[in-house]
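Those protein sequences? They're chains A and B, same order as listed. Start counting the first sequence at 38; every next residue gets the next number (our numbering). Start counting the second sequence at 4; every next residue gets the next number (our numbering).
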Amino acid sequence: MTDPHLRNPGISLDRSWFEEITINTPAAEARAAHLGTSRSLKKEWQAAWLVNAIRCMDLTTLAGDDTEARVARLCAKARAPLADHILTGLGLEGLTTGAVCVYPTMVAAAVKALQGTAIPVASVATGFPAGLMPLPLRLAEIRYAVDQGAAEIDIVISRALALRGDWAQLHDEIAAMREACGAAHMKAILATGDLQTLSNVYKTSMVAMQAGADFIKTSTGKEGVNATLPVSLTMVRAARDYGARTGVKIGFKPAGGMKTAKDALNWQILIKEELGTDWLKPDLFRLGASSMLGDIERQLETHVTGRYAASHRHALA
Amino acid sequence: MPSVNDILTTMEYGPSPEATGEVSAWLKARGRFGLLIDGAMTAPGPGFATQNPATGETLAEATQATAADVAAAVAAARAAAPGWAALSGHERAKWLYAIARNLQKREAFFRVLEVLDTGKPIRETRDIDLPLAIRHFYHHAGWAELSTDDFPGHAPLGTVGAIIPWNFPLLMLAWKVAPALAAGNTVVLKPAEETPLTALAFAEMCLELGLPPGVLNIVTGDGTTGAALATSAVDKIAFTGSTEVGRSLRQATAGSGKALTLELGGKSPFLVFADADLDAAIEGVVAAVWTNQGQICSAGSRIFVAETVAERFTDKLIARFDKLRLGDPLDKGTDIGAVISPAQRDRIQSLVARGVAAGARLVHSSAPLPAQGSFVAPGLLLEAQPTNPCMIEEIFGPIATLATFRTPSEAVELANASRYGLAASIWSENVTLAQDVAAKLVAGTVWINSHTLFDAAAPFGGMRESGFGREGGREGLRAYLRPAATPALTEAPAPDFNAAPCPEPAQPQAIDRTAKLYIGGAQKRPDGGQSWRVTHQGREIGLAPLGGRKDIRNAVEAAHKAAGWSKMTGHARAQVLYFLAENLSLRAAEFEARLAETGHDPAEVAQTIRLAFRAAALADKIAGEVIQTKPQMLTLTRPEPWGVLGIACANRQPLLGLAALVLPAIAAGNRVVAIPAMVQPLVAADFAQVLDTSDVPGGVVNLICGPRDDLAKVLAQHDDVAALWYAGTPEGAARVERDSAANLKATWCPTGRDWAAQDLRETLTQATQTKTIWVPYGM
């Protein structure tokens with residue numbers, strides 16, 4: 038995520054891109070369900086796609102009891118997400134996760150633990166997870182995290198503005214956050230569980246992209262409902278429509294609720310079918326997850342050894 | 004095999020073929036198949052090979068059933084019929100349940116076998132064909148249990164001849180066999196020549212279950228086998244297939260007394276309104292046009308898009324091509340498999356070439372086609388005009404036309420401009436608009452924001468030349484039952500229609516009375532300018548107008564103009580019918596005298612008044628159902644009037660015989676052109692005056708007196724008359740059925756009935772056709 042050409046410059050608010058859009062929920066749900074059953078990945082292909090999920094994973098800890106030591110353990114796993122024998126068995130080397138994602142106060146610890154790697158540190162900011170803090174404080178928090186060494190900032194939007202349809206203020210806020218990010222790439226968390234309707238999700242996605250978000254991200258992981266396939270479908274279609282109008286490729290990050298290797302495959306299938314193969318790499322796709330890695334590692338060990346695997350034989354994240 | 008590292012660069016899906024081991028072994032072990040007749044497979048006879056359309060390889064050989072084989076199968080079915088019908092509903096339910104369960108236990112086998120025989124993708128046989136077939140047997144196990152209670156007085160038809168197509172072989176088998184058996188009929192089934200294998204596996208499964216001999220018989224073969232079955236001693240023919248074959252079956256069964264249901268071709272519109280969720284509609288096209296390579300009767304093969312969104316929609320749709328995976332049908336990631344045969348591929352390509360020659364622009368998927376097998380690239384014909392052959396003829400392949408409309412009313416007009424009327428879909432987020440369009444489309448099934456959804460509980464079938472009869476649900480079951488018989492009344496002979504003057508003195512009248520035809524709410528002299536002498540026992544009663552072809556034509560036009568009647572509420576129609584009863588009652592003595600004059604029973608007047616009350620009573624109670632199909636889905640059935648309905652009356656009951664057909668018909672919202680009893684047309688002329696004074700809008704009832712069977716022929720051959728009832732002689736009924744084949748008009752021939760004993764609800768059932776509307780909902 039260091040190529041400056043990949044940044045989304047944003048545009049001024051244009052309501053005509055989203056105001057008359059309505060998303061048909063049953064159709065979105067049907068498409069999401071269909072995607073997972075209409076493509077099949079076996080053997081080497083399944084293994085490769087699971088490895089790709091690791092490559093695109095923002096290995097995350099965002100808990101009240103996070104400590105520097107906990108973050109260091111997570112970073113160790115980000116450096117070596119698979120046991121050596123699995124990696125060798127797959128014929129790979131140097132595999133890492135896409136990033137490590139932490140709270141701003143943990144950025145320094147993560148940067149330190151990841152020294153000598155190319156793994157970027159992502160930090161949540163802007164009063165994560167609710168975002169209900171005065172704007173200047175939210176912007177200051179972004180600057181703090183960037184100062185601490187975060188290369189990516191996962192901001193949360195003001196759900197109140199989206200729910201009220203105050204698109205102008207939402208656009209201005211996100212644009213201000215984008216400016217505060219500076220060189221750090223910005224992922225805009227829409228908290229889709231709070232937005233509830235797919236039409237809201239589409240509109241909010243479009244405003245976030247117009248305001249300059251490099252990535253749009255589903256959830257904080259703290260809402261009642263986190264990443265779902267129909268919500269993700271709606272967001273990637275919004276990204277596709279934005280790209281068709283501007284030529285800018287927007288990244289997508291589902292987060293929260295995804296726990297299994299099967300989830301990792303389903304989301305990648307969604308991306309390939311709705312956006313394209315180009316998106317299946319870390320600069321345009323991230324999976325915000327933590328426990329998913331354990332299941333992927335088990336599946337990959339089974340692929341390599343032919344035996345069903347046990348998680349207690351793998352290093353903890 | 005590429006390495007993990009290689010795949011990480013390409014991020015391709017890789018192959019994912021379904022194993023065929025058991026199925027291949029079964030095919031190899033059998034090699035050649037006989038027929039299922041009377042509970043055993045016959046020794047294989049001379050026959051034909053069935054191929055895998057994706058590879059061209061021969062899978063097995065099936066027997067070409069001869070006329071003698073068909074006769075043996077029908078004899079076995081007839082012999083088994085009384086025993087099967089005598090079983091309790093519960094006993095039959097247990098058999099249907101066993102079939103459902105066993106199909107479920109053999110699901111993997113059947114889905115692979117179906118792929119090999121049809122070339123369709125395994126994802127479809129896994130997610131569509133098998134689950135729906137299994138559901139059909141479960142649903143009808145339920146009907147077997149319930150039909151005696153839900154259809155009191157009804158009896159099974161006897162033996163059913165079922166002829167099914169190659170596009171959904173096992174599912175179509177289920178659609179025919181499940182309701183037939185549930186209702187207490189026995190079956191002779193002829194699978195399509197191209198795809199006999201799942202039916203033969205099903206035969207073996209039924210033998211394994213120990214289904215009583217003769218209850219289900221399966222004869223394989225080509226069209227000659229089907230023709231033999233059509234003319235055999237079965238009591239019903241149930242057919243799914245092409246409109247052309249449907250037409251020939253209508254002719255072949257005319258006058259035989261066989262019940263007939265036809266589920267035929269279509270040219271279904273796919274309407275995208277400006278406020279639609281365009282991405283949802285794009286996936287709708289995938290389901291509508293590319294399911295089963297477009298070889299589906301309900302394919303949404305005419306796409307119409309609102310001009311304001313047409314460019315965006317077209318761009319998105321063309322981009323969608325690139326994501327379609329075409330190839331090995333056994334691969335679990337294949338979207339588009341092979342079409343059924345090289346002949347079908349050539350037919351599709353030649354029709355599309357004609358469409359291009361007529362000015363359409365073909366855009367299609369750039370995916371390479373496999374070197375062998377019958378594959379056609381999915382595509383779209385842009386800029387096709389309504390004159391384009393691809394807008395008119397059924398393509399039955401993975402290609403649809405795309406054109407634009409300006410307004411909703413234009414969309415409806417374009418959609419309804421077709422000889423077919425099978426299905427339609429509407430894409431709009433505006434529920435007000437969508438429901439209105441759904442009501443206006445001429446289609447047996449309307450999907451709102453969806454397409455290609457089916458369920459055993461949802462009636463499916465066509466309007467216009469897409470056929471008649473419904474399959475699935477209550478309507479579908481009814482088509483396998485016979486209502487309790489109405490007491491018989493032998494038809495009286497036709498009078499002499501001599502229009503020449505007669506020297507014998509007529510009864511003196513104070514002022515000459517002039518009976519006329521009743522057309523468009525006005526008394527009209529016949530176009531031919533002729534009248535004939537109505538006599539009783541040699542005595543002249545009066546002169547009656549002699550209606551002819553042009554009078555029928557004028558009456559049909561008048562009936563079409565009275566479309567407002569069909570849009571009125573049942574309540575409003577009931578008021579008119581009550582008023583009619585009131586006015587008839589005021590003139591009761593006059594009508595009684597009129598009937599007595601020709602030796603008819605004056606009691607007909609009181610019976611007609613009661614009938615008008617009952618028709619009025621039911622007018623606002625004709626209702627559809629909300630049926631259970633899928634989660635988050637409102638599935639509605641709407642009984643809709645045919646529109647313009649022809650009626651030819653019997654002679655015995657001049658007033659009641661007319662009212663017993665006309666009043667229920669108009670109660671249901673039809674406009675009718677009726678040919679009253681020939682022996683006493685003057686009653687009809689008087690009745691016209693009652694209609695006139697009862698606020699029956701002009702054109703709702705048109706009365707044309709004259710030679711019934713000649714006039715009925717004009718109605719039968721009229722392309723703009725939707726249905727025809729004929730109550731005359733059996734010979735006349737045969738002619739009406741034959742003459743109706745040209746436009747596949749629905750006919751009902753209740754000949755030789757005592758209308759005083761008729762169950763009005765049966766008549767009302769005939770007065771409507773069911774439209775099924777699917778509305779998915781969700782927040």
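Cβ coordinates follow ideal geometry from the N, Cα and C atoms, glycine included. Remember, predicted model here, so these are calculated numbers, not experimental data.
Exercise for review: With DSSP as the reference, label residue 151 of chain A as helix, strand or coil.
Suggested key: As a first step, residue 151 of chain A must be located in the first sequence, where it is residue number 114. Residue state, collapsed to three classes: coil.
Review point. Does the segment 213-229 of chain A come close enough to the segment 248-260 of chain A to have 3 or more Cβ pairs within less than 8 Å?
Key: yes
Review point. By Cβ distance below 6 Å, which residues in the same chain neighbour residue 162 of chain B in space, the five residues on each side in sequence not counted?
Key: The residue you call residue 162 of chain B lines up with position 159 of the second sequence. Only 80, 81, 84, 189, 237, 238 meet the Cβ criterion.
Check your understanding: Taking Cβ positions, are residue 223 of chain B and residue 66 of chain B nearer each other than 7 Å?
Key -> Looking up residue 223 of chain B in the second sequence gives position 220. Looking up residue 66 of chain B in the second sequence gives position 63. The answer is yes: Cβ separation under 7 Å.
Point to revise | Interface flag, residue 59 of chain A vs chain B, CB-CB below 7 Å | key: As a first step, residue 59 of chain A is located in the first sequence; it is residue number 22 there, counting from the start. Yes, residue 59 of chain A lies at the interface with chain B (some Cβ there is under 7 Å from its Cβ).
Review point. Along chain B, in chain order, which residues have C-beta atoms closer than 9 Å to that of residue 368 of chain A?
Key: In the structure as shown, chain A begins at 38 and stops at 354. Residue 368 of chain A is therefore absent and cannot be evaluated.
**Study point:** Residues of the segment 623-655 of chain B whose Cβ lies closer than 9 Å to any Cβ of chain A, in chain order
**Key:** 635, 636
Review point. Could you check where the alpha helix (DSSP H) with residue 87 of chain B kicks off and where it finishes?
Key: Position 84 of the second sequence holds residue 87 of chain B. Taken as a continuous stretch (DSSP letters only), the alpha helix (DSSP H) holding residue 87 of chain B covers 70-89.
Practice item. Could you say if the segment 166-179 of chain B and the segment 189-198 of chain B meet the contact criterion of at least three C-beta pairs nearer than 8 Å? Key: yes
Review point. If you pair each beta-carbon of the segment 138-145 of chain B with each one of the segment 175-189 of chain B, do three or more pairs fall below 8 Å?
Key: yes
Check your understanding: From what residue to what residue does the alpha helix (DSSP H) around residue 138 of chain A run?
Key -> By 1-based counting over the first sequence, the position of residue 138 of chain A is 101. Taken as a continuous stretch (DSSP letters only), residue 138 of chain A belongs to no alpha helix (DSSP H), being part of the beta strand (DSSP E) at 136-139.
Review point. What first and last residue would you give for the alpha helix (DSSP H) that runs through residue 421 of chain B?
Key: Counting from 1 along the second sequence, the entry for residue 421 of chain B is found at position 418. Note, residue 421 of chain B: premise wrong, no alpha helix (DSSP H); not H, not E.
Check your understanding: So which residues on chain A does residue 283 of chain B lean against when the C-beta distance must stay under 8 Å?
Key -> As a position in the second sequence, residue 283 of chain B is number 280, starting the count at 1. Near residue 283 of chain B (Cβ distances below 8 Å), the residues of chain A are 60, 61, 64, 65, 68.
**Study point:** Nonlocal neighbours in the same chain, by C-beta distance under 6 Å from residue 209 of chain B, ignoring five residues either side
**Key:** Walking along the second sequence from the start, residue 209 of chain B turns up at place 206. Cβ neighbours of residue 209 of chain B beyond the five flanking positions: 219.
Review point. Grouping DSSP H, G and I as helix and E and B as strand, with all else coil, what is residue 42 of chain A?
Key: For the purposes of this step, residue 42 of chain A is taken as residue 5 along the first sequence, with counting starting at 1. Caution is warranted here: a pLDDT of 48 is assigned to residue 42 of chain A, below 50, making its placement in the model unreliable, and the coordinate value is therefore given only provisionally. Here residue 42 of chain A sits in helix by DSSP.
Practice item. Run down chain B in chain order and give the residues with a C-beta less than 7 Å from the C-beta of residue 76 of chain A. Key: Residue mapping note: residue 76 of chain A aligns to position 39 of the first sequence, counting from 1. Correct list: 16, 336.
Review point. Between residue 559 of chain B and residue 547 of chain B, which are expected to be in contact by the criterion C-beta below 8 Å, what is the C-beta distance as a whole number of angstroms?
Key: In the second sequence, counting from the first residue as 1, residue 559 of chain B sits at position 556. In the second sequence, counting from the first residue as 1, residue 547 of chain B sits at position 544. Going by Cβ atoms, the distance from residue 559 of chain B to residue 547 of chain B rounds to 21 Å, so no, they are not a contact pair.
Exercise for review: Quick one: list the residues of chain B neighbouring residue 79 of chain A, beta-carbon separation under 8 Å, in chain order.
Suggested key: Taking the first residue of the first sequence as position 1, residue 79 of chain A is located at position 42. Correct list: 17, 18, 19.
Review point. Taking contact to mean at least 3 C-beta pairs separated by less than 8 Å, is the segment 29-36 of chain B in contact with the segment 306-321 of chain B?
Key: no
Review point. Just the Cα atoms here: how many angstroms apart are residue 312 of chain A and residue 277 of chain A?
Key: Within the first sequence, the letter at position 275 stands for residue 312 of chain A. Within the first sequence, the letter at position 240 stands for residue 277 of chain A. Using only the alpha carbons, I get a separation of about 6 Å.
Exercise for review: To the nearest angstrom, report how far apart residue 450 of chain B and residue 776 of chain B are at their CA atoms.
Suggested key: Within the second sequence, residue 450 of chain B is the residue found at index 447, counting from 1. Within the second sequence, residue 776 of chain B is the residue found at index 773, counting from 1. The alpha-carbon atoms of residue 450 of chain B and residue 776 of chain B are separated by roughly 6 Å.
**Study point:** Burial state of residue 9 of chain B, where buried means 16 or more other Cβ atoms lie within 10 Å
**Key:** For the purposes of this step, residue 9 of chain B is taken as residue 6 along the second sequence, with counting starting at 1. Exposed, because fewer than 16 other Cβ atoms sit within 10 Å of the Cβ of residue 9 of chain B.
Check your understanding: Could you give the distance in angstroms between the alpha-carbon of residue 203 of chain A and the alpha-carbon of residue 168 of chain A?
Key -> Along the first sequence, read from residue 1 onward, the residue named residue 203 of chain A stands at position 166. Along the first sequence, read from residue 1 onward, the residue named residue 168 of chain A stands at position 131. About 16 Å.
Review point. Touch check for the segment 420-429 of chain B and the segment 450-462 of chain B: three-plus C-beta pairs under 8 Å?
Key: yes
Check your understanding: DSSP state of residue 658 of chain B, grouped into three classes?
Key -> In the second sequence, residue 658 of chain B corresponds to position 655, counting from 1. Coil.
Review point. From B:597, B:432, B:701, pick the residue whose C-alpha is nearest to that of residue 284 of chain B; which is it?
Key: Looking up residue 284 of chain B in the second sequence gives position 281. Residue 284 of chain B has its Cα closest to that of B:432, out of B:597, B:432, B:701.
Check your understanding: residue 250 of chain A CB to nearest chain B CB: under 7 Å?
Key -> For the purposes of this step, residue 250 of chain A is identified with residue 213 of the first sequence, where counting begins at 1. Residue 250 of chain A does not count as touching chain B.
Exercise for review: May I ask you to list, following chain order, the residues of the segment 309-324 of chain A that have a beta carbon less than 8 Å from some beta carbon of chain E?
Suggested key: This model lacks chain E altogether, as its protein chains are A and B.
Check your understanding: Around the Cβ of residue 336 of chain A, are there at least 16 other Cβ atoms within 10 angstroms (buried) or fewer (exposed)?
Key -> Stepping through the first sequence from its first residue, residue 336 of chain A is reached at position 299. Buried: at least 16 other Cβ atoms inside 10 Å.
**Study point:** Nearest to residue 287 of chain B (by Cα), restricted to the options A:243, A:285, A:68
**Key:** Residue 287 of chain B sits at position 284 when you count from the first residue of the second sequence. Here the closest residue by C-alpha is A:68.
Point to revise | Assumed close pair residue 136 of chain A, residue 159 of chain A - CB separation to whole angstroms, cut-off 8 Å | key: Position 99 of the first sequence, counted from the start, is the residue given in the question as residue 136 of chain A. Position 122 of the first sequence, counted from the start, is the residue given in the question as residue 159 of chain A. Rounded, the Cβ-Cβ distance is 5 Å, consistent with contact.
Exercise for review: Taking residue 127 of chain A as the query, report the chain B residues whose CB atoms sit under 7 Å from its CB, ordered along the chain.
Suggested key: Reading the first sequence from its first residue, position 90 is the one you call residue 127 of chain A. Ordered by position in chain B, the residues that pass the 7 Å Cβ test against residue 127 of chain A are 7.
Practice item. Please check the pair residue 34 of chain A and residue 331 of chain A, which I expect to be a contact at CB under 8 Å, by giving their CB distance rounded to whole angstroms. Key: Examination of residue 34 of chain A is not possible in this model, given that chain A is present from 38 through 354 alone.
Exercise for review: Using alpha carbons as the reference points, say which of A:293, A:58, A:156 lies closest to residue 228 of chain A.
Suggested key: Reading the first sequence from its first residue, position 191 is the one you call residue 228 of chain A. Comparing Cα-Cα distances from residue 228 of chain A to each of A:293, A:58, A:156, the minimum goes to A:293.
Check your understanding: With contact counted as at least three CB pairs below 8 Å, one residue from each stretch, are the segment 645-656 of chain B and the segment 475-491 of chain B in contact?
Key -> no
Review point. Expressed to the nearest angstrom, what Euclidean distance is found between the alpha-carbon atoms of residue 477 of chain B and residue 749 of chain B?
Key: Here residue 477 of chain B corresponds to residue number 474 of the second sequence, with the count starting at 1. Here residue 749 of chain B corresponds to residue number 746 of the second sequence, with the count starting at 1. Each residue's alpha carbon lies about 19 Å from the other.
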